[in-house]
Amino acid sequence: MPPNPYQSLVSLLSNAVEAYTAAFFITDLKDRTLRLAAVQSLSRHLLDNRPLPLEEGGIISQVQKMGQVVHMNKLQEGSSTIAATLPLYREGESHIKGLFAMPVAEGAGVLYVDTKYQWGFSDKNMKLIQEMAQVLESLMAKEAGHEQQKDSARILDFCRQVKQPVAEPFDVEEYTTHFVEECARLLEMEYAFLALRDPDDDLYQLFAATPNTPRSLSHQHFLIKHGLLGHAFQTQKPLHIARLNPHASEHFLFSPSEGLPHHGMLWAIPANLASGHQIVLAFLSRDTAPWSKAQQEAILHALQFYQLLLDKLFLKEECRHLKHNDPLTGLPKPVIFERRLDQFLKSALQHSLPLTLALIQFNPWPMLLTGATPKQIRRLQKDLVESLKGYLIQDASVGQLAENRFAIILPGLTAEQAKGHLSQLAQFGEDFFSSRLKGIRIRPHLAWVSFPQDGTRSDELWPLAYHRLYASSRSERHAGNT
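Next comes the structure, spelled out in structure tokens:
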């Protein structure tokens, strides 16, 4: 622990003026207390290092508040009177013949000296006390500069730690946990949380938190109408509670049984993402943390950086989805589906399992243009895909090859095993269009190939599947003509 920078000066002053007690207090306006920074005393009843409340500091508080010097030649002998006048003494003192107290650095500190050896202080001693107050003021400024430098260094390291891990590729959840841990370390808070809410959802989840958070809360969903974090989501305003009330039923973060302290300090900061998602960054600690303005600004700056990072990820994911999937139906495009088939074939080969690849095409698709607008056709196509997904068996994968043509992978099924399911798909296609279109007949055509009977590679299966689809369509047209 570094040495007290004020103690040697206070001790020197006490010896020079033959003081009974010499003490230097530093004002904490945030907590409204006077902290005993250095003291030398012959008293056995001196207050320990507990801060003096500004409202209960007697003469010392008056000096800090009024900014004026107090010099008294004699105090009344009553112990209770002295205890009220000088509450730095735990049980009161008697026979104090004089005291001198003056503000330091415009009330940022108070220098107090009393004596039992003479009535008050001589001019020479008062001048010495005043000069020592100037030295203490200079030292306070120097210490404040050191603290500011340390604070700046911590903030610089915080910014470096927050931004350094961002490299491609990286795990969002892992980085978010790192992010909240660094924020908690900068503010010296016991807990830190980041909660995430999907657009237009009445629930939010705890996405990341410091490791000391109860595991039962991780990734759980909570109603926004409950808890202080839910309140921050609803109001979209920062929430700062200097001291939670453990007896208030609403003073919990997520749920009443969350296992977190309900008597500490809370700071919750909401933010919106471009994707429509909402986040809340929150901090909780049992003790009050003396944050600097620079630290708070650093946290807000880091949160903005995190917002931009998530916005970038959501945008990249949306671009990737549009690149790989049909923008209307959301199904994989042909190239992506072809890669997926190769992966399924590789897995089927490794595990000696069958696989069926089916094609379903709806003809004559151009006939739709004679009875529906392009907007209606797009709506019909989207409904078709959503209904088609509902008929797929578990583990099946579907892709879009054209407006009216779809491919389906049925892993683990032989052609014989898949036949009944494919018949259901054909009937679904027949019913779908007959119930929605009047005067236009759109019918499904199916074809399928199987692994390994029809081939073991995709460049063997695709041509055969299309050949059978063409043959199915042609035979039906021929049957219709006859």
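Residues 17 to 498 (our numbering) make up the sequence shown, in order.
In this text, a Cβ means the ideal position worked out from N, Cα and C, and glycines have one as well.
Burial state of residue i, where buried means 16 or more other Cβ atoms lie within 10 Å
| i | result |
| --- | --- |
| Ala248 | buried |
| Arg355 | exposed |
| Asn420 | buried |
| Thr251 | exposed |
| Tyr322 | buried |
| Gly161 | exposed |
| Arg213 | buried |
| Met148 | buried |
| Met82 | exposed |
| Val196 | buried |
| Ala264 | exposed |
| Ser77 | buried |
| Val188 | exposed |
| Ala374 | buried |
| Leu45 | exposed |
| Glu109 | buried |
| Thr192 | buried |
| Ser439 | exposed |
| Thr131 | buried |
| Ser30 | buried |
Residues of its chain near residue i, where Cβ-Cβ distance is below 8 Å and the 5 sequence neighbours each way are ignored
| i | result |
| --- | --- |
| Asn228 | Glu206, Tyr207 |
| Trp135 | Asn89, Lys90, Lys113, Gly114 |
| Leu289 | Ile295, Gln323, Leu326, Asp327, Phe330 |
| Met156 | Ile42, Val120, Ala121, Ala124, Gly125 |
| Asn341 | Leu347, Pro348, Lys349, Ile352 |
| Lys253 | Pro286 |
| Asp216 | Gly292 |
| Glu476 | Asp470 |
Residue from the options whose Cα sits closest to the Cα of residue i
| i | options | result |
| --- | --- | --- |
| Leu260 | Lys309, Asp303, Gln180, Gln312 | Asp303 |
| Leu62 | Glu189, Ala121, Tyr36 | Tyr36 |
| His293 | Trp135, Asp327, Val85, Gly74 | Asp327 |
| Leu344 | Leu396, Ala310, His367 | Leu396 |
| Phe449 | Leu485, Leu384, Glu476, Arg490 | Leu384 |
| Val351 | Pro370, Gly415, Leu91 | Gly415 |
| Val129 | Val55, Leu485, Arg490 | Val55 |
| Gly275 | Asn341, Leu316, His317, Ser232 | Ser232 |
| Leu359 | Ser474, Pro286, Gln236, Val85 | The sequence given here has Gln at residue 359, not Leu. Of the candidates Ser474, Pro286, Gln236, Val85, the one whose C-alpha sits nearest the C-alpha of Gln359 is Ser474. |
| Asn65 | Glu189, Tyr105, Asp214 | Tyr105 |
| Lys166 | His317, Gln311, Ser273 | Gln311 |
| Asp447 | Leu400, Glu147, Thr389 | Leu400 |
| Ile315 | Tyr220, Lys179, Leu438 | Lys179 |
| Pro103 | Ser488, Glu72, Leu485 | Glu72 |
| Ile75 | Ala442, Thr101, Arg51, Leu45 | Thr101 |
| Ala364 | Gly243, Ile424, Pro468 | Pro468 |
| Leu245 | Pro277, Ala211, Gln236 | Ala211 |
| Leu404 | Lys391, Leu375, Leu441, Ala374 | Leu441 |
| His235 | Ala225, His242, Gly243 | Ala225 |
| Glu402 | Phe422, Pro390, Thr389, Lys391 | Phe422 |
| Phe174 | Ser27, Leu373, Ala200, Gln150 | Ala200 |
| Trp6 | Leu429, Ser439, Leu438, Leu417 | There is simply no residue 6 to check, as the chain begins at 17 and stops at 498 in what is shown. |
| Ser273 | Ser489, Leu28, Pro230, Ser439 | Pro230 |
Own chain, CB closer than 6 Å to residue i, minus 5 neighbours either side, in chain order
| i | result |
| --- | --- |
| Asn141 | Val33 |
| Ser57 | Thr37 |
| Gly387 | Ile456 |
| Ala53 | Tyr22, Phe40, Ile42 |
| Phe444 | Tyr407 |
| Ile257 | Leu282 |
| Val586 | This structure gives no information on residue 586, because the portion of the chain shown stretches from 17 to 498. |
| Pro427 | Phe360, Leu371, Asp411 |
Own chain residues within Cβ distance below 7 Å of residue i, not counting five before or after
| i | result |
| --- | --- |
| Asp218 | Leu239, Ile240 |
| Leu480 | Val465, Asp470, Gly471 |
| Thr49 | Pro67, Leu68, Pro69, Leu70 |
| Glu159 | Pro21 |
| Phe116 | His87, Val129, Phe137, Met142, Ile145 |
| Arg394 | Leu344 |
| Lys398 | Leu344, Thr345 |
| Leu319 | Ile285, Ala287, Leu297 |
| Gln177 | Glu198 |
| Leu152 | Tyr22, Leu25, Phe40, Val120, Gly125, Leu127 |
| His278 | Leu260, Pro262, His267, Phe268 |
| Leu485 | Leu375, Gln377, His461, Ala463 |
Between the segment 378-389 and the segment 446-461, are three or more C-beta pairs nearer than 8 Å?
yes
For a minimum of 3 consecutive residues, which ranges assigned as the beta strand (DSSP E) are wholly contained in the segment 24-85?
37-44, 49-57
How do the segment 398-414 and the segment 427-443 stand: do at least 3 beta-carbon pairs fall below 8 Å, yes or no?
yes
Run through the segment 186-231 for me and flag every whole alpha helix (DSSP H) of 4 or more residues, listed as ranges in chain order.
188-203
Check whether the segment 162-179 touches the segment 257-274, taking contact to mean three or more Cβ pairs, one atom from each stretch, closer than 8 Å.
no
Whole beta strand (DSSP E) elements within the segment 263-330, 3-residue minimum:
281-288, 294-301
Touch test, the segment 307-317 against the segment 192-206, Cβ-Cβ under 8 Å, three pairs minimum
yes
May I have a chain-ordered list of the alpha helix (DSSP H) segments no shorter than 4 residues that lie completely inside the segment 411-486?
431-450
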